Every structure is written in structure tokens, then in C-alpha cells.
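Peer 1: Heads up: the sequence lines are chains A and B, in that order. First residue of the first sequence: 257, per my numbering; consecutive thereafter. First residue of the second sequence: 3, per my numbering; consecutive thereafter.
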Amino acid sequence: MKKLQIIMLVAIAVVIAGLITMMQDISTYDSIASARNKEGKFVHLIAKLDKTSPVEYDPIKDPNYLSFYAIDSLGSKTKVVYLNSKPTEFEHSERIVLKGKMQGEVFQCKEILLKCPSKYKDDPTQQMKQLNTSSSEANTPATDEKKY
Amino acid sequence: MPYEGEHLVIGQIGHFVALLAFAASLVATMAFYKSTVARTPIEAESWKKMGRTAFVLNAIAVFAIFITLYLIIYNHYFEYKYAHQHSKRSLDMQYLLSCFWEGQEGSFMLWSFWNSVIGLVLLRTAKQWEAPVMTMASLVQLFLATFLTGIYFFDVRLGSSPFVLMRNEFPDAEIFKDPQYLIKYLRDGNGLNILLQNYWMVIHPPIVFLGFASSLVPFAYAVAGLWKNDHKGWISPAMPWALFCGGVLGLGVMMGAAWAYESLTFGGYWAWDPVENASMVPWLTLVAGIHTMLIFRSTGFSLKATYLFIPISFLLVIYSTFLTRTGVLGDTSVHSFTGEGNSLYWHLLLMIGVFAAIPVILYIRRRKSIPVVRNEENMHSREFWMFVGSLLFFVAAIYVIILTSLPFINKLFGTQWAIGENVEYVYNRVMIMVALVITFLSAFGQFLKYKGTTRQYFISKIALPAIIAIVVSAIISFVGGIDYDRHGAGFLVAIHLCLWAAIFAAIANGAYIFSVLKGNLKAAGAAIAHVGFGMMIVGILISSANKELLSLNRTGIAMPGLKDAKGRDENPLENLTLIHGIPTPMGKYMVTYEGDSTEKKNNRVYFKIRFSELDSTGNSKKDFYVQPNAFLVKSGEGTNLSSNPGSKHYIHHDVFVYITSWLNPDNISDTATFRMRTVKAGDTVFYSNGFAVVNRIISANKYDNKDLPVVDSAWLSEVSVYAKDGREFQVQPAYFVKDNQPTVKTDTVISQSVIFNLIKKNSGEIQVGIKESDAVMRYITLKAFNFPMINLLWLGTIFMVIGFMVSMVYRFNRTRIG
Numbered sequence: 257m258k259k260l261q262i263i264m265l266v267a268i269a270v271v272i273a274g275l276i277t278m279m280q281d282i283s284t285y286d287s288i289a290s291a292r293n294k295e296g297k298f299v300h301l302i303a304k305l306d307k308t309s310p311v312e313y314d315p316i317k318d319p320n321y322l323s324f325y326a327i328d329s330l331g332s333k334t335k336v337v338y339l340n341s342k343p344t345e346f347e348h349s350e351r352i353v354l355k356g357k358m359q360g361e362v363f364q365c366k367e368i369l370l371k372c373p374s375k376y377k378d379d380p381t382q383q384m385k386q387l388n389t390s391s392s393e394a395n396t397p398a399t400d401e402k403k404y
Numbered sequence: 003m004p005y006e007g008e009h010l011v012i013g014q015i016g017h018f019v020a021l022l023a024f025a026a027s028l029v030a031t032m033a034f035y036k037s038t039v040a041r042t043p044i045e046a047e048s049w050k051k052m053g054r055t056a057f058v059l060n061a062i063a064v065f066a067i068f069i070t071l072y073l074i075i076y077n078h079y080f081e082y083k084y085a086h087q088h089s090k091r092s093l094d095m096q097y098l099l100s101c102f103w104e105g106q107e108g109s110f111m112l113w114s115f116w117n118s119v120i121g122l123v124l125l126r127t128a129k130q131w132e133a134p135v136m137t138m139a140s141l142v143q144l145f146l147a148t149f150l151t152g153i154y155f156f157d158v159r160l161g162s163s164p165f166v167l168m169r170n171e172f173p174d175a176e177i178f179k180d181p182q183y184l185i186k187y188l189r190d191g192n193g194l195n196i197l198l199q200n201y202w203m204v205i206h207p208p209i210v211f212l213g214f215a216s217s218l219v220p221f222a223y224a225v226a227g228l229w230k231n232d233h234k235g236w237i238s239p240a241m242p243w244a245l246f247c248g249g250v251l252g253l254g255v256m257m258g259a260a261w262a263y264e265s266l267t268f269g270g271y272w273a274w275d276p277v278e279n280a281s282m283v284p285w286l287t288l289v290a291g292i293h294t295m296l297i298f299r300s301t302g303f304s305l306k307a308t309y310l311f312i313p314i315s316f317l318l319v320i321y322s323t324f325l326t327r328t329g330v331l332g333d334t335s336v337h338s339f340t341g342e343g344n345s346l347y348w349h350l351l352l353m354i355g356v357f358a359a360i361p362v363i364l365y366i367r368r369r370k371s372i373p374v375v376r377n378e379e380n381m382h383s384r385e386f387w388m389f390v391g392s393l394l395f396f397v398a399a400i401y402v403i404i405l406t407s408l409p410f411i412n413k414l415f416g417t418q419w420a421i422g423e424n425v426e427y428v429y430n431r432v433m434i435m436v437a438l439v440i441t442f443l444s445a446f447g448q449f450l451k452y453k454g455t456t457r458q459y460f461i462s463k464i465a466l467p468a469i470i471a472i473v474v475s476a477i478i479s480f481v482g483g484i485d486y487d488r489h490g491a492g493f494l495v496a497i498h499l500c501l502w503a504a505i506f507a508a509i510a511n512g513a514y515i516f517s518v519l520k521g522n523l524k525a526a527g528a529a530i531a532h533v534g535f536g537m538m539i540v541g542i543l544i545s546s547a548n549k550e551l552l553s554l555n556r557t558g559i560a561m562p563g564l565k566d567a568k569g570r571d572e573n574p575l576e577n578l579t580l581i582h583g584i585p586t587p588m589g590k591y592m593v594t595y596e597g598d599s600t601e602k603k604n605n606r607v608y609f610k611i612r613f614s615e616l617d618s619t620g621n622s623k624k625d626f627y628v629q630p631n632a633f634l635v636k637s638g639e640g641t642n643l644s645s646n647p648g649s650k651h652y653i654h655h656d657v658f659v660y661i662t663s664w665l666n667p668d669n670i671s672d673t674a675t676f677r678m679r680t681v682k683a684g685d686t687v688f689y690s691n692g693f694a695v696v697n698r699i700i701s702a703n704k705y706d707n708k709d710l711p712v713v714d715s716a717w718l719s720e721v722s723v724y725a726k727d728g729r730e731f732q733v734q735p736a737y738f739v740k741d742n743q744p745t746v747k748t749d750t751v752i753s754q755s756v757i758f759n760l761i762k763k764n765s766g767e768i769q770v771g772i773k774e775s776d777a778v779m780r781y782i783t784l785k786a787f788n789f790p791m792i793n794l795l796w797l798g799t800i801f802m803v804i805g806f807m808v809s810m811v812y813r814f815n816r817t818r819i820g
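#1: Could you name the residues of chain A that S663 of chain B contacts, counting a contact when the two beta carbons are closer than 7 angstroms?
#2: Residues of chain A with CB under 9 angstroms from W261 of chain B, in chain order?
#3: S217 of chain B by DSSP, collapsed to three states: which one?
#4: Counting only the same chain and skipping the five closest in sequence on each side, list residues whose C-beta sits under 6 angstroms from that of F442 of chain B.
#5: According to the Cβ coordinates, are V681 of chain B and V770 of chain B closer than 8 angstroms?
#6: What residues of chain B sit near A289 of chain A, judged by a beta carbon separation below 7 angstroms?
#7: For the beta strand (DSSP E) that S599 of chain B lies in, which residues bound it at each end?
#8: List the whole-angstrom C-beta distance separating S715 of chain B from K704 of chain B, where the pair is believed to meet the contact cut-off of C-beta under 8 angstroms.
#9: For the alpha helix (DSSP H) that M791 of chain B lies in, which residues bound it at each end?
#10: Between which two residues does the alpha helix (DSSP H) holding M278 of chain A run?
#11: Would you say F298 of chain A reaches chain B, if we count a Cβ-Cβ gap shorter than 8 angstroms as a contact?
#12: Could you work out which residue in B:A244, B:T417, B:G213 is closest to M257 of chain B when comparing CA atoms only?
#13: Do V723 of chain B and E730 of chain B count as a contact pair if the criterion is CB distance below 8 angstroms?
#14: By Cβ distance, which residues of its chain are closer than 7 angstroms to K357 of chain A, with the 5 residues on each side in sequence left out?
#15: If the cut is a Cβ gap below 9 angstroms, which residues of chain B does V338 of chain A touch?
#16: Per DSSP, which residues does I67 of chain B bridge with? Please list them.
#17: Look up G684 of chain B in the DSSP assignment and say whether it is helix, strand or coil.
#18: If contact is defined by three or more beta carbon pairs under 8 angstroms, each pair taking one atom from either stretch, is the region 15–24 of chain B in contact with the region 50–66 of chain B?
#19: To the nearest angstrom, report how far apart T586 of chain B and E615 of chain B are at their CA atoms.
#20: Identify the contact partners of L265 of chain A in chain B, using a Cβ-Cβ distance below 9 angstroms as the criterion.
#21: For a contact defined as C-beta to C-beta under 8 angstroms, what are the partners of E576 of chain B on chain A?
#22: When the Cα of M353 of chain B is compared with those of B:Y321, B:I372, B:Y365, B:E379, which residue comes out closest?
#23: Can you tell me where the alpha helix (DSSP H) holding S462 of chain B begins and where it ends?
#24: Give every residue of the same chain whose Cβ lies closer than 6 angstroms to the Cβ of L523 of chain B, excluding the five residues on either side of it in the sequence, and list them in chain order.
#25: Verify the CB distance criterion: does F389 of chain B have a CB-CB separation below 8 angstroms to chain A?
#26: Kindly indicate the opening and closing residues of the alpha helix (DSSP H) around R327 of chain B.
#27: Bridge partners for L354 of chain A per DSSP, in chain order?
#28: At a cut of 8 angstroms, does the region 378–388 of chain B reach the region 448–459 of chain B through at least three beta carbon pairs?
#29: Taking all protein chains shown into account, do 16 or more other C-beta atoms lie within 10 angstroms of the C-beta of E359 of chain B, making it buried, or fewer, making it exposed?
#30: Measuring alpha carbon to alpha carbon, tell me which of B:L580, B:M592, B:K603, B:Q629 ends up nearest E618 of chain B.
#31: Find the nearest neighbour of F172 of chain B within the set B:F613, B:F506, B:H86, B:F410, judged by alpha-carbon distance.
#32: Do G527 of chain B and A507 of chain B come within 8 angstroms of each other at the CB atom, strictly closer than that value?
#33: What does T216 of chain A reach in chain B if we use C-beta pairs closer than 7 angstroms?
#34: Got a sec, what are the start and stop residues for the beta strand (DSSP E) K623 of chain B sits in?
#35: If we ignore side chains and look at the alpha-carbon of each, how far apart do Q359 of chain A and E367 of chain A end up?
#36: Can you look up V811 of chain B in the DSSP assignment and give me helix, strand or coil?
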């Protein structure tokens, strides 16, 4: 066999080995219920911010503590704790991807990805929504002003 | 219904030129195809002439699309969806161009624009390769044109036109029942995503797209080589283009990294985000292809690998567009993606399918006539190790693209996979091995000759650079303080080994310019690029391993001891809150939030943060300011902060700061209540720190005041606030009624912690309310990092790009002479 063919085989073996070790780090998208069943395992939750429950974040007391409630499409609800600052546009997110693990009743979140309406400018349904509100927005100039 | 104030002619011109571009590229593709397969030279020549005319016409049409769309954005014709979605009146001039590339249509247009320019150059330079190469270029133009037509084939809309009108896109919206909708409602656009309002975003997309577009040329030449069954001839003319593409795409990717560093709040220049990966992967395979092309030209080996690497680079370019534009990455990327929907999804898959099928079918038809060298590469030859390096680049590309494609794989197979806890480490631990071997190969590979090298020559040339590299590496390893141990000792060893290899690569290639090339810089392109590559790797290793979180919050600020109550141990607490005017310790610095100022036009706040470096006695020995800024974005329910990092650049490190939270009185639950007082003009009301005089009260309603089209009635006031310390403020609380729904507009003087409102009572009297609240205390929360040696990364990038360009010129001149 030619040396280069051996090297190519080694390369293929390396890729496969790399992908196999990667599989150990692979996580899954879960619902809140299935994440509860896998307590302590790192998962991705696709959920929504529960706007009826309070969001706790007070940067003066502690800038690294955010807690809120998330609900998923199946209707389950969990408390989430995120030891970091509150992401921009958090309250306006339509959907959130939470990376972390369930510990007891609380989801310990390590990373949050937000899907905000502003990120979907080209999405026609969002556009439509926006347009309908923009006509009503234009009617209520209720923006509050601040001076320093 | 006639609408007022619309500018319809320019859009019709736009539609026309978009269709013209489509038709002309179709004709060009067919004519060049006919010319390639023609039986007689006369026939070939006449088809070629037709193809040229059609391609030039196509190029003119594409430039016209560009100009038309620019005029629409520049003149703020918000009746057009593209202008309304992507621009705004207050946008600075230089960002009007960024509006182009924010949207999908604009980025396809940009791609098509560069493709036209490249095609025009090819018309002049491709000579005997013109017909087959231009067939491919025209076919790409044809595909790109279909993305911009927006015409219907039966029920399927092909692409989307940038010239559609708002009222045609949203025919059901209420506002379009009003003939004056443009004057009344669409007075301003949605504006440009503020993350894109950065100078890098003016320049980065055109460069990346030039890189994307130019990857077509080596692809087209490879296809032409297979098609014409001339497997040698295409390499030389394709070489300068491949080098051009490698340089430009590499530059574009790194400009994206620079943008991420300066404007995203990742705390870094690279996060293995799918968008970044998707643009880097074609570059990896292209660099592999450039090396196998060189091997083939000098030795006849590696032709088959070239026929794999070069076409796949172009396919990966289209695939990366597919990943980033169709929304399949939605849940994994921090970047904004459009959900253009199914039509674009299938449209791009079709494009990938067509451009994959062409080389595959040609390759199968030509497989018997592709020359193969029977004997084996010499282990002491340059080509052997160069091939190993190319293969590693390719392996790296496959690894990255598979991981990046996980969401697409999930979509195809219904799986639910995602990369786990340590996304960066999953990539880094493989890439560091690849970088280690590749930099090492590029260090000693230069001193090998094609076909075989004598031991004596090799050792005599490499000895000195190797010794210097070992000394330099050892010094950096021992005094550089690289002790990144989050992923164990093995990874730390890999970091050090890779650092040594990269330093060796930079020094050895630098030495090569003098010892072998005798300082002939014109021929030194490859060596310069390798020096740059080595420097980049060194910069990446040091800046990543020694990146230091300055805002490490050990105490919590107001309540020490709170920390452990919430059970945090393993992860550093990254945010620190600074209260206005109070110096707070942060790492070796004392930092003070000294103030902020608002740029009214863009609603952008600049924060002034002083860093004082303290000596052992606690005196400040060095002071500097970092000024991060943030846009205040008004959206539906309140104001949001979109932060832009600020940094203080030094030669050997950067202090990097961004705001993660800022006083936002809207969101603070506030128990204080308004103290109401009935007033008339001239009355004075007191608060704890001063008094306020009501200067004027204006009431208006829509029957007697035509300036009030949006509310039914309004009560406005002008109040002067006189603080004890002598300062004076003007506030205008107001009260509006629309459809019997009242709205109160409050006005706040933050430095006085006082909020004013205005209420109109039924009996016709006006009340002014005053609320004093601590909730308006001024503070910011921030994250701060120290990035050492990041300039080495940028400098290495510049060297690498210069190397590519020098090489390109060198190869181009050689083709002309040869």
C-alpha cells in the first residue's frame, strides 16, 4: 500500500474518532418534562418566557443572578436560574433556547439564546404584525422622556 | 385607488433590469455552452460573440439593479419594502450601503455584482478557456438572477424582488386603505439592525462576497478542464484566481472576526458560531485545493484531490449561503436569520444540486482519461508533506461543517442533536491538533524540494530557524504565563506544542525568504502568507489562553456574602455593577462610572468609564478611559439596550468592556406614588430638592388643530424645574386621549430622581403629579476582559493576505510570460 493511502486511512480514522468523541458531548433538544427525567444532564430547552410570573433581576443587589419561569409548547413550566446578566430584549423574546441542566425543581441555565421579533425582520408574519401595530403606535405617542 | 406621494417609476425600472439580467444571463449561458460544444471554429466564434454581448448586457443590468436600489434607499422611498425594512431617515450616510447587505435580496445582488465584475475580467483574460469558463460564470449569474426576479411560475414565487411595494406585500393591512398612507404612516423605515451599524459592516460583506464570488473561477476552470479533457492547461490560469479568492475570502472572514470583536458582546472575535464556520469552511477547502494545484503543476500528483477540493469549495460557498439564509440554523446561532421560507430553501438546494452534478457527471465521463502518476511520492519531497497538510485542511473542514450542519441534519433525519456544554472546546480540541500539524508542516515543508531533497541541504537550511524558534518558544512558554487548565493538562500541553509549531512556522518561513529566495520578495508570496498564518495561530493561542476576565465578581457589590447563598462556585460571575461616581475595584484596576452622554439622533448612549491602575501604595499610576456605548432600542413594551463594546488598545493587549445592563427606570418596580396637585399656568410646586414652575398649559383637539391627526385631544405642559444646587431643567409631561383611551406621558429628571406627569380631570382641571423615587439611581453593569496579544492576530492576517496577493501577481505574470 502506498504511504499516502495509509495517511488517508489515518485521516479518515481521525475524523471518525473525532466524531465519536464528539458524540459524548452531544446534547439534545428536550421538553421541560423530559429534561426533568434527565436531571443533571446537559440539555437544550426550547421554551418561552412565562410573562405572567415575575422576572427577578436586580443589578444593584447582584448583577449575576437572573431568575424567571419558562413554559414549553407542551405546557410544562419550570423555574430557571441564570447566573449572568439579563440578556437584552429578554422580555420581548418570542422564544428562548436555554442550555443547561435540571437540578431539583430548578433549571440551572448556562446560556440563553433569544429569538426576538426584531431578528426576524424579513419574516412576513412578523412584518404584518408590526405594520398593524405601527399604525396604532403612530396614534399613541406615549413615549416617556428622560433628562439627566 | 390612487395613492399620494409614491415613486413608482424607479421600481418599474428596477423590475425591468432584474428581468433583463435574468434573460441576458440565460442567453449568455446558452451561447457560451453552444460555443464550447461547437464543431467548427467559426460556429464557436459566432456563439462566443453572442455570449459576450449577452454577458455584458447582463452586467449592465446588474449594475442598474444596484444603482436603482441604492437610489430607493438613499431617497428614503419607504413605499418600497426594502427601504422600509432596512433603512431609516436618521441613518448615517455610510450605513446606507450596509442596508443593502442586511437583506437577503441585497446580498444576492452583491454576489451577482461581483460575479459580473469577475465575468468581465474573465472575458478579457480567459482566452482559449473563455467559452467553458464563461458558461459556468453565466450559469451562476442565471441562478443569482432568479433569486431577484420574484416572478411566479405557476404557484411558486421564484426568488424575491427587492423592488416590491409595501402595500402589495401586505394588502390586508389597515393603513393601506388610506390613500395618504405614505405621508401618514410610513414616514420612516424600520432602520438598520444596530449591530450592523459599525464600520466593519460597511466593508466586511463586500469583501466576503467578493471572496464567495471569486471561488467560482477555480471551480469554472476545473469544470472546463474536465469538459475539454485538458487536465493540465487549466491549472495555470486558474492559479491566480484561486490565490485571489484565498486572500480575499480569508480577509473577509477575519474582518467578520474584527466586527464580532468590536461590536458583538461575545467577549471575543470567534465563537464557533455557525455563521462564522460557514464562511471559514470554503476557505479551508480552497487552501487545500491551492496546495494540491501546486503539487500537480510541479509533479503531476494530486490531480484527483484537486478535482475534489476545488469544486467542493464553491459548493460549500453555496451551502454556507443555504445554512445562513434559510433559517435552518435558527436555534443555534446568535446571528439574525431570515425565515424566507420554503421557496429559498429549495431554490438553494437546487443550485447546490446543479453545481454538484456538473463536475460529478463530467468526472465520471472523463475518469479514464484523467492522468495518474503510477510511482509513489518520495517521503523527502515537498509534495508528500504538502499533500498531508492539504488533507488535514480538508479533514478540518469536514469536521467543522458536520458540526455546523447539525440543525440541518436534525431537520433531515428528525433527530434532536445539539453540541453540548462546551461548544468552543468541542471545536478547539480538534482544531488545535490540526493547527499543530499544519503549522509544523508549513515550517519544514518549505525547505523540502519537489520530488526529493538531500538531507544535507535540508539540515543546513533549517538548522538556524529551528534553533531560533526553539529559543523563542521556550521563552514564551516559560515567561508567557500560559497556564490555561480548564480542560486539563493534555490540552495545556497541546496549546504549548501548537504555540511552538506556530512560532517555528513564522520564523522558518521568514528565514526562507532570505536563505533560499535571497530576499526576492516577488517570489515570496507563499512564505509571507505562511509567516502570517503562523502569527495568526500564535495570536489566537495567546489571546484565547490568556484572556482574562477583569470584571470577575467575587464579592457581589452591595451585599458581600450573598454569593454563596445561591450556591455558585464553578463558574466565574462575570458581571460587575458600578454605581455612578463610586470607584470600584476590578482586577488590578479601580474603575469609576463617571458619566454618560446621549447622542439624540441615533438614541445612542456613550458611557465614560475611568480605569485607574493602582500601585502598591494605592496611588493611581496610570489612568485611562474606556467608552463603551449602547443603542436604546424602543420596542413595543419598553426600551432595550443594544450594547457596543468599547476598548482601549495597547500594542500588547486590549482592555475590552461592554455594558450588560443599565439603569432602565421602565423596568424597575417602584413603590413611590405620584403626589398630585391641581395647577394652572404660573403655579409652583415643591419637591424635596427644589421646586418646579408650571410655565404653560396647552390644550388642543383635532377639530381646531390640524397638527393633531394621531390623537383626538391633548394637554401639554411646559414645566421648569429648579434644583437646590442651582441647576435648571425643562420637562414636558403631557396627557393624550384617543378613542376615549387616555395616555399619560411622563417626563423624568434623572439626576434629581424626580418624575413628572400630567392628568386631566373630568371637570376640566389639570393636575401635575410629582414622584420622587430612588429607583432612578444611576448605575451600569458591565463585563470587562483583557485580551493579550490580539494585535498579533490582526497583523498575521494582514501578512497572510499580502502573501496571497504577492503570490497571485507572481503567478499571473508567469502565466502571461508562459
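For every residue, glycine included, the Cβ atom is placed at its ideal position computed from N, Cα and C. Computed from a predicted structure; not experimentally measured.
Peer 2: Based on what the coordinates show:
#1: P315, P319, S341, K342
#2: Under the 9 angstroms cutoff, chain A gives no residues; its nearest Cβ is about 17 angstroms from W261 of chain B.
#3: coil
#4: A503
#5: yes
#6: Those within 7 angstroms of A289 of chain A in chain B number zero; the least Cβ separation is about 14 angstroms.
#7: 591–601
#8: 7 angstroms
#9: It is not in any alpha helix (DSSP H) - M791 of chain B carries neither H nor E in the DSSP assignment.
#10: 259–281
#11: yes
#12: B:G213
#13: yes
#14: G296, K297, F298, V299, Q364
#15: According to the sequence displayed, residue 338 of chain A carries Tyr and not Val. Within 9 angstroms Cβ-Cβ: nothing; Y338 of chain A doesn't reach chain B, min ~11 angstroms.
#16: The partner list for I67 of chain B (beta bridge, DSSP) is empty, contrary to what the question assumes.
#17: coil
#18: yes
#19: 12 angstroms
#20: Those within 9 angstroms of L265 of chain A in chain B number zero; the least Cβ separation is about 11 angstroms.
#21: N320, N340, S341
#22: B:Y321
#23: 457–481
#24: none
#25: yes
#26: 305–327
#27: A:L301, A:I368
#28: yes
#29: Residue identity differs from the one stated: residue 359 of chain B is Ala in this sequence, not Glu. It is exposed - the Cβ of A359 of chain B has fewer than 16 other Cβ atoms within 10 Å.
#30: The residue asked about is misnamed: residue 618 of chain B is Ser in this sequence, not Glu. Closest by alpha carbon: B:M592.
#31: B:H86
#32: no
#33: Nothing about residue 216 of chain A can be read from this structure; chain A reaches only from 257 to 404.
#34: 622–628
#35: 15 angstroms
#36: helix
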